[in-house]
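Novice:
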Amino acid sequence: MNPAQQSATPDAQLDLRGTPCPINFVRTKLRLDQMPPGSLLEVWLDPGEPIEQVPDSLTMEGYGIEQIEDHSSYFALQIRRPVLESGVS
Numbered sequence: 028m029n030p031a032q033q034s035a036t037p038d039a040q041l042d043l044r045g046t047p048c049p050i051n052f053v054r055t056k057l058r059l060d061q062m063p064p065g066s067l068l069e070v071w072l073d074p075g076e077p078i079e080q081v082p083d084s085l086t087m088e089g090y091g092i093e094q095i096e097d098h099s100s101y102f103a104l105q106i107r108r109p110v111l112e113s114g115v116s
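Sequential numbering of the sequence shown, starting at 28, is according to our numbering.
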């Protein structure tokens, strides 16, 4: 991760504290799908299962995890929607 990524301002935020798995993953994915390619979404997740499962699930779906910050009572996860190459459907 380079310094530019660390200081990147998210294009949108989603507060999913108190939202159980897998609902938090589904809501994150739906929000990312509504955003333009290359956009950065910051999601707030609870410690434990949410921060353990959601990043792995998003990575498996092809999203880029830019940063995970521990804010003691929650985690701020920054996810980048991939930019598709032209000609790829």
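For glycine and all other residues, C-beta sits at the position ideal for the given N, C-alpha and C.
All of these numbers come straight from a predicted model, not from anything done at the bench.
1) If the criterion is Cβ atoms closer than 8 Å, does the pair C48 and E88 meet it?
2) Our contact map puts L67 next to T55 with C-beta atoms below 8 Å; I'd like the distance itself, whole angstroms only.
3) According to the neighbour-count rule (16 or more other Cβ atoms, all chains shown, within 10 Å of its Cβ), is T46 buried or exposed?
4) Taking buried to mean at least 16 other C-beta atoms within 10 Å of its own C-beta, is L57 buried or exposed?
5) Among T36, S99, I50, E96, whose alpha-carbon lies nearest the alpha-carbon of S84?
Specialist: Looking at the coordinates:
1) no
2) With a Cβ gap of about 13 Å, L67 and T55 do not count as contacting.
3) buried
4) exposed
5) I50
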